[in-house]
Amino acid sequence: MIHPSAIIDASAQLADDVEVGPYVVIGADVEIGSGTKIESHVVISGPTKIGKDNHIYPFANIGAACQDKKYAGEATKLVIGDRNIIRENVTIHRGTVQDEGVTLIGNDNLLMVGCHVAHDCVLGDNIIMANLTTLGGHVKVADFAILGGGTLVHQFCQVGAHSMSGAGTVLFKDVPAYVTYQGNPGKPFTMNTEGLKRRGYSSERRNQLKRAFKVIYRQSLKLEAAVAELMAWDDPHEDITLLIESLRLSERGIIR
């Protein structure tokens, strides 16, 4: 299961069925779970913990020290969950003590060729990052978000659940849940109703989110007033609760 040309530090802990390809380098303080496959020329630095059934493609660099100039060699870490696909030339950096000291990636994510996840980012589950997408430090990406090819996300931004960016988007503000956006800087267009339809959302749920979009973006309301109006709805679906939460958690202001 381990190619003879691979170099693995004595302190690394690999489950018995982990596959390690040619010329892989695995450093100290790395833990890799069962069913994970690491193809040729991957470099994994520690402290890094990788869960089960991940697939890491050639020339990915996982767990390297970050590029933040304040970083001074502190023992920060990277934690990756289960069933993630990490394609060629992806780079993922460890955290910094200026934040929680850890970069976190959840489960069932797809990071396509050439993506970069900077220090202290937090990714949820079922996220797609298309080719060459770049996340600055401290970015949070919620479940089921899709980042189109070449999307650039400024540090400290929050990307809401089920949102979707067009290719080449540059993001400087936070994105509410469910919103589609594109441009430089990123501008909102509508709710991601087509994506939600594919995930089995009923027409009633999608129509309620369309109404919410109009409240946020078509009534010239300040954010606080829009949140108050949404909270006053009678018997809102849980989708609206998630949307409100993403609005209330915004620290940089939402895209407009």
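When we follow the working numbering, the leftmost residue of the sequence shown carries the number 24, and every step to the right adds one.
For every residue, glycine included, the Cβ atom is placed at its ideal position computed from N, Cα and C.
- Going by C-alpha positions, Tyr46 is about 40 Å away from Arg222.
- Contact annotation: the stretch 140-157 does not touch the stretch 234-254, with fewer than three C-beta pairs closer than 8 Å.
- In the structure shown, Thr114 falls within a strand segment according to DSSP collapsed to helix, strand and coil.
- Gly218 is the residue among Asp91, Val102, Gly218 whose C-alpha sits nearest the C-alpha of Ile151.
- In the three-state reduction of the DSSP assignment, Glu97 falls in the coil class, being assigned neither a helical nor a strand state.
- Of the residues assessed, Ala255 falls on the exposed side of the cut-off, its CB having fewer than 16 other CB atoms within 10 angstroms.
- Distances from the CA of Tyr80 to each of Gly86, Val66, Glu62 were compared; the closest alpha carbon is that of Glu62.
- Taking 9 Å as the cut-off, the beta carbon of Asn84 is found closer than this to the beta carbon of Ile115.
- Counting along the chain, Tyr240 sits inside no beta strand (DSSP E); it lies in the alpha helix (DSSP H) bounded by residues 226-240.
- Here Gly209 is buried: its Cβ has 16 or more other Cβ atoms, across all protein chains shown, within 10 Å.
- It is roughly 27 Å from the alpha-carbon of Asp122 to the alpha-carbon of Ser34.
- Closest by C-alpha distance to Gly74, out of Asp131, Gln90, His185, is Asp131.
- Taking 9 Å as the cut-off, the Cβ atoms of Gly118 and Lys100 count as close.
- The stretch 153-216 is shown to contain whole beta strand (DSSP E) runs of 3 or more residues at 202-205, 210-214, in chain order.
- Non-local C-beta neighbours of Leu265 in its own chain, meaning closer than 7 Å and more than five positions away in sequence, comprise Ala184, Ala200, ordered along the chain.
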